[in-house]
Amino acid sequence: MIDFKNNPLKTSLFILVIALIVVYLLFPFYWAVNSSLKNEAQLQMTPATMVPRNPVTFEIQPTFRNYQAIFLSGQFVRGLRNSVIVAVAVVTLSLVVGSFAAFALGKLRFKGKNPSLYIILAMTMFPQVTVLAGLYAVITRLGLRAIPSMILSYMIFTLPFTTWVLTSFFKDLPIEIMQSAQVDGASPFQTFYMILLPLTAPALVTTGLLAFIQSWNEYIFALTFTSIEPAARTVPVAISLFSGEIARQEPFGEIMAAAVVVTIPIVVLVIIFQRKIVAGLTAGAVKG
Amino acid sequence: MFFTVSVAAEDVTITVAGGAVGQELEMTERAAEMYMEENPGVIIEVLDTPDLAQDRLGLYLQFFEAESSEVDVYQIDVIWPGDLAEHFVDLYDYGAEDIVDMHFQEIVDNNTVDGELIAIPWFTDAGLLYYRTDLLEKYDLDVPETWTELEETAQIIQDGEREEGNEDFVGFVWQGDAYEGLTTNALEWFASSNAGTIISDDGYITVNNERAVEVLEMAAGWVGTISPTGVTGMAEEDARAIFQGGNAAFMRNWPYAYALGQDPEESAIAGNFDVTTLPAAEDGEPAHTLGGWNLAVSQYSENPEIAADVAMYLAGFESQKMRAIEATMNPTIEELYEDEEVLEAVPFFGELYDVFVNAVARPSTVSAPNYNQVSEYYFQAVHSVLTGQDDALTALEFLELDLQDLTGFEIGEPQN
Amino acid sequence: MANNSNDLAHQEARLAYKLLAPAAIILLLVALYPLGQVFYTSMTDRVFASGQEPNFVGFDNYRQLLSMRIVELPPQVDDDGNIIRDDDGNIVYERPIQVLPREPRRFRDVWQINLFGTRYLIAASNPAFISAITNTLIFTIISVFLETILGLMIALVVNSNFKGRGAMRAIMLVPWAVITVVSARMWEWMLASSRVGIFNTLLRRFDLIDESIAFLQTSTWQLPSMIAVDVWKTTPFMALLILAGLQLIPNELYEASRVDGASKIRQFFSITLPLIKPSLAVALIFRTLDALRVFDIFQVLLAQSRYSMASYNYFQLINNRAMGMSSAIGVVIFIIIFVFALMYIKALGVDAE
């Protein structure tokens, strides 16, 4: 889209903008990595240091104890596993249910379209805190275990979003494709499954990603639902339960180490996932 | 002293919910193991809960709302018995009279609501003044005993250190954020200046008086002078970070910071600080807010008898002694403060015995079941004065009206 | 052919209902009871986790939350009837507590304004909640605006053809991948009020300020700090959604336009913007709704020193156990968000039809 082969001024401006953006996005993460390699004394140094240094001699001295600690604690590793399970389930469910609903709302004609859209949207208009108590009561009444409870309740937030995004993408797809498929004798469902779905690959990948991250990040429901089931705790809960040696002490270094450990694989996974699917499907499917 | 319980046909699981932090958890598990050895047929499980009292309370409330029988024994903050009394059993029904006398009377009273013993004291806490011994020596100053002395001493040291090049040095750090911790700090200022204890023990609202106005103005004066502007956002860990990093002359904090500060690998001030009683007004007595945790047995437990037995064992002599020696946790049993082994391990338990025995309790029991709201009104009022949003008189007047509306109590004079 | 199209229409409608069924079931299962309970409880004085019987109080909770008054604040006069002024010549006013109404419930001032020489107090029976509403609104408007601009820029960059594009895509995701509560703690440390925090360290090192700034404790810096944290965290969200929209624009359109001699700017406004409007619109709606419900960062960074609507809700429920009141707060938040959503949808035209 932007072509800068012959325009040095524009190129340098462009590079400058990129550089600024990159610094803005990455600096806090760099700070997290930096902090994760410091022990308490190093964290309390003033002025704060860009790399971990010995408080007395000032030579560079990273501490690896924080990483040791989080991996020794079974909680954290188990938390990773639980988070992945919940997130994958939520994404799958959201995409499946959401794309069905989106197809209906975006392409089919029936009564009650607008009200349905609004009702679905209305789910996201309540702060989590408000529904928490009621939801917990429902869960305990139904006797649901922690992981299914989390999966179902995260749907309140991921489903409306997924449905809306996919609906708008479906709407934009030209009606001709559908009609020509119908002329060819395909049922609406076949049209949906074999033609429309691949065309909206970017939307699917994007909403899937966002649903994944949303579920990955969720804290307050997870904390409540897994309170009596420690084995089901997800990463945010596990991290919040990190504690130092003594009550009240907050092991900031360990929390940062956990953040680093959790973020890097996600980014890597997402890159692979995104590249494969988007490249594969959009390469041929872009309207032409 | 503990009770043996007859073995049930199948194993009974008692779940204890509470602090699962490092050494604390280790101690609890060890005590649990000792109990389980004596009482086969009982399995004790420790459920870890968030360390932040706020989050822990939120979780407990969810359990109570659902009347859950999942947890049998709860570790509760010293200010919760009043508000949560309806969810716990009366330990006097389970033989607590026999053991209650060995604990600090103040705490037992605090835990008694309408004649029922809601919780057994487990460990206690009191606010202390931390000071830098090396700096006092350097500037040839004494440990301050009044608030005015503290202001002067802190100012001198702060000016001196800053001149020498440490721009980040401050005189005094404490907990000034808008949360329960501010209530504990402000209560100390009030009680040590004859300004009352917010609500008196017999149910009078004493918070709006002249001394209170003075003392609030004094504290507000610290912000930006001997205390950094950011003190109005500091909790225990923030204050500790500054003091332990070597950047403060005085700190008000709980005993937990002592052991952490003495660790030479993690602390810049190891060996150069000590603790003492907090300052008071010229005509007042030092006051230290009572903190600490207790064990209570849930009303919804399926095995209250065994749960009560477990609770009383965990809070018993042996267990508390172990915690005192190995984890510097303040016992609630008077005898332990004279025990040689304990004193050898933690000398300041003995030096500061008076502090722990005479700690000032927050008015949680008298204002039950609304203590949390009372505390919120209070710390928001104090916070607004510290940040300069309100003047002390207005804030206290509104506070008085709010408390009246909430509790229905009448206004009275502070008793000291 | 009339019969055929009717049948087709019926077939379509039936299929539509079948497709909508799973979504409906899930939402009914998970949302119906909690939401219904919220509406009902908001009309009672129920206490959370308590055996006390709740009483029906009608709209009392709402009145407590939302009542406002405007009261005139007279200046202080001395015995002769002259207005008292202070050393700088400013008028000294009466203390608000003396003029604020106390029936049917007590009011406290939220703002003081001067209008035509008279000072007025804008008072509310629940100043904390009113402040929470304004905090949230300011936060939402500014952060969504910044996130949209920034997200658009990042999406445009990633979508363009240059060598570092893959890396850019990865980098773009980093803030979003860091767990919210953890990133809040991280920013809390960075924004620390002494030089323990990196911002103060850098600002002081480059001599931009003399004294450290207490970002989270000074009222002028609190909302900007919240906005900075949120923009960092959620710009990727906007960027990703806009990117998805950008990727669906066929290259031929740009080719054709370039051949026609249109400049980059022209192309942007006549091709790009209109075509990404649907994804931009959806992104805007959801981002705004999310911002209006902001909770995590306010709870972690500002706790009870400054509320957002959702964090105020949380503290009412957990600290004060005022379940009736907090349900009413939930309903008020819902209504505010609903109004916003309606405005957006009408303005951006993203209805089904």
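Protein chains in written order, with our numbering: chain A, 1 to 288; chain B, 1 to 416; chain C, 1 to 353. Where is the CB? At the ideal position from N, CA and C, for every residue including glycine. Keep in mind that this is a model prediction, so the values were computed, not measured.
- The C-alpha of S375(B) lies about 44 Å from the C-alpha of P265(A).
- In this structure the region 125 to 142 of chain C lies against the region 101 to 110 of chain C, because at least three pairs of beta carbons, one per stretch, are closer than 8 Å.
- Counting along the chain, P278(C) sits inside the alpha helix (DSSP H) bounded by residues L273 to L292.
- DSSP, read as helix, strand or coil, puts T232(B) in helix.
- Non-local C-beta neighbours of E94(C) in its own chain, meaning closer than 8 Å and more than five positions away in sequence, comprise L73, P74, P75 and Q76, ordered along the chain.
- Comparing alpha carbon positions, the residue from W216(A), F103(A), L20(A) and T224(A) closest to L204(A) is F103(A).
- Annotated three-state conformation of H103(B) is strand, per DSSP.
- For V88(A), the enclosing alpha helix (DSSP H) stretches over residues G74 to K107.
- At a C-beta separation below 9 Å, L135(A) has these neighbours in chain C: V30, A31, Y33 and P34.
- When C-beta atoms of the region 82 to 102 of chain B are compared with those of the region 200 to 220 of chain B, fewer than three pairs fall below 8 Å, so the two segments do not count as touching.
- Within the region 67 to 99 of chain B, the residues whose Cβ lies closer than 8 Å to some Cβ of chain A are S68, E70 and V71, listed in chain order.
- Taking C-beta separations shorter than 6 Å and ignoring five residues to either side along the sequence, the partners of F295(C) in its chain run A310 and S311, following chain order.
- Straight through space, the alpha carbons of D172(A) and P115(A) are spaced by roughly 20 Å.
- Beta-bridge analysis with DSSP links D142(B) to no other residue.
- When Cβ pairs closer than 8 Å are counted between the two stretches, the region 134 to 144 of chain B is seen not to touch the region 382 to 395 of chain B, the count staying below three.
- Straight through space, the alpha carbons of R306(C) and S263(C) are spaced by roughly 48 Å.
- Within the region 153 to 195 of chain B, the complete alpha helix (DSSP H) runs of at least 4 residues fall at 180 to 191.
- Only exposed fits F64(A), as fewer than 16 other CB atoms lie within 10 angstroms of its CB.
- Within the region 121 to 206 of chain C, the complete alpha helix (DSSP H) segments of 4 residues or longer fall at 127 to 159, 165 to 177, 180 to 190 and 198 to 205, listed in chain order.
- Excluding its 5 nearest sequence neighbours in each direction, F379(B) has C-beta neighbours in its own chain below 6 Å: A178, L182 and T183, listed in chain order.
- Here E237(B) is actually not in contact with Q42(A); their C-beta atoms are around 16 Å apart, not less than 8 Å.
- N330(B) sits buried, since 16 or more C-beta atoms from the chains shown fall within 10 Å of its C-beta.
- In terms of beta-carbon proximity, E254(A) stays away from the interface with chain B, with every pair separated by 8 Å or more.
- Taking 9 Å as the upper bound on Cβ-Cβ separation, chain B lies near residues V47, F48, A49 and S50 of the region 39 to 50 of chain C.
- When secondary structure is reduced to three states using DSSP, T276(B) falls in the strand class.
- Distance from the Cα of F338(C) is smallest, within the candidate group F126(A), L159(A), F273(A) and L72(A), for F126(A).
- Secondary structure at A327(B): helix, using DSSP grouped into helix, strand and coil.
- Contact between the region 223 to 234 of chain B and the region 251 to 261 of chain B is absent: fewer than 3 CB-CB pairs across the two stretches fall below 8 Å.
- By the rule that beta-carbons nearer than 8 Å mark a contact, F409(B) does not touch chain C.
- R287(C) and T218(C) do not touch by the CB rule: their CB atoms are close to 27 Å apart, not below 8 Å.
- In the three-state DSSP reduction, F88(B) falls in the strand class (E or B).
- The contact set of L216(C) on chain B, defined by CB atoms closer than 9 Å, consists of G230 and G233 in chain order.
- Neighbours of F398(B) across chain C, judged by C-beta separation under 7 Å: I97 and R108.
- Under the DSSP definition of a beta bridge, Q112(C) partners with L121(C).
- The beta carbons of N208(B) and L406(B) sit no closer together than 8 Å.
- Counting only Cβ-Cβ distances below 8 Å, V332(C) has no contacts in chain B at all, with the closest Cβ about 20 Å away.
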